């Protein structure tokens, strides 16, 4: 089955700096890669996703890049703000749209 | 648009007791998922329904866990008997269809503590 590895497990940045979180996946048939943000005690919220027919997608301060050959994808957050502090999860699907999640990255943005 | 609803939000039981969780997906969403999220980990899929049929339950511990979606809308997940390691947040999610690359929307979860 699919295996998704996520790094780093914790990331501390200064407000205004950029943050990058990286994921690798194992199933070459995966074609959908969402990123979820989860604040303490809250539900995972989709922040951005990318499908395998594109290599990059951007939404304001958030961008995701995908390298299908290398089977890795990354989340980029620019101009980080304290409210970006949360746990971020990457995920990859299989043919039946089952999602396998990475282990999560705890992002801390210091004011 | 109303989101995915779950109840109860919190549940504390003793080991070997039974517990049930309820989920109401977003209206019109054919596909429903149950995930288990252990503290400090990513969600792990337990079972996936399309309408009232099971698509995949390969990661559901069937000796103690069961789930149903009888009318293709609401779903219940049951644990009987519960073990200490079942302490986790149980998340329900739904998506419009089953085709690949469908966005999944999560409910608030039920936090289960087994003592």
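Chains as they are written, first to last, in my numbering: chain R, 1 to 111; chain Z, 1001 to 1115.
Using N, Cα and C, we set each Cβ at its ideal position, and we do this for glycine too.
Nothing here was measured: the structure is a model prediction, and the numbers come from that model.
Exercise. Out of Z:1013, Z:1017, Z:1037, which has the shortest C-alpha to C-alpha gap to residue 1107 of chain Z?
Worked result: Position 107 of the second chain, counting from 1, holds the residue named residue 1107 of chain Z. Comparing Cα positions, the closest option is Z:1037.
Exercise. Is residue 1040 of chain Z buried or exposed, if buried means 16 or more other CB atoms sit within 10 Å of its CB?
Worked result: Residue mapping note: residue 1040 of chain Z aligns to position 40 of the second chain, counting from 1. By the neighbour-count rule (16 or more Cβ atoms within 10 Å), residue 1040 of chain Z is not buried but exposed.
Exercise. What does a CB cutoff of less than 7 Å around residue 2 of chain R pick up in its chain, not counting 5 residues either side in sequence?
Worked result: Position 2 of the first chain, counted from the first residue, corresponds to residue 2 of chain R. So the list reads 25, 26, 27, 30, 92, 94, 100, once near-sequence residues are dropped.
For this session: Name, in chain order, the residues that DSSP records as bridge partners for residue 106 of chain R.
Result: Working through the first chain from its first residue, we reach residue 106 of chain R at position 106. Residue 106 of chain R is bridged to R:10, R:87.
Exercise. Which of the three DSSP states, helix, strand or coil, is assigned to residue 1091 of chain Z?
Worked result: As a working mapping, residue 1091 of chain Z is identified with position 91 in the second chain. Strand, per DSSP.
Exercise. With distances taken from CA atoms, which of R:6, R:5, R:10, R:58 is nearest residue 86 of chain R?
Worked result: Taking the first chain and counting its residues from 1, the one referred to as residue 86 of chain R is at position 86. Ranking the options by Cα distance to residue 86 of chain R, first place goes to R:10.
For this session: Give a yes or no on whether 8 Å exceeds the smallest Cβ distance from residue 46 of chain R to chain Z.
Result: Within the first chain, numbered from 1, the residue matching residue 46 of chain R stands at position 46. Interface residue, yes.
For this session: Specify, as a first and last residue, the run of the beta strand (DSSP E) that residue 34 of chain R falls within.
Result: Taking the first residue of the first chain as position 1, residue 34 of chain R is located at position 34. It spans 32-38 - the beta strand (DSSP E) in which residue 34 of chain R sits, taken as one unbroken run.
Exercise. Run through DSSP, which three-state label would residue 15 of chain R get?
Worked result: Translated into the one-based positions of the first chain, residue 15 of chain R becomes position 15. Note: residue 15 of chain R maps to coil in three-state DSSP.
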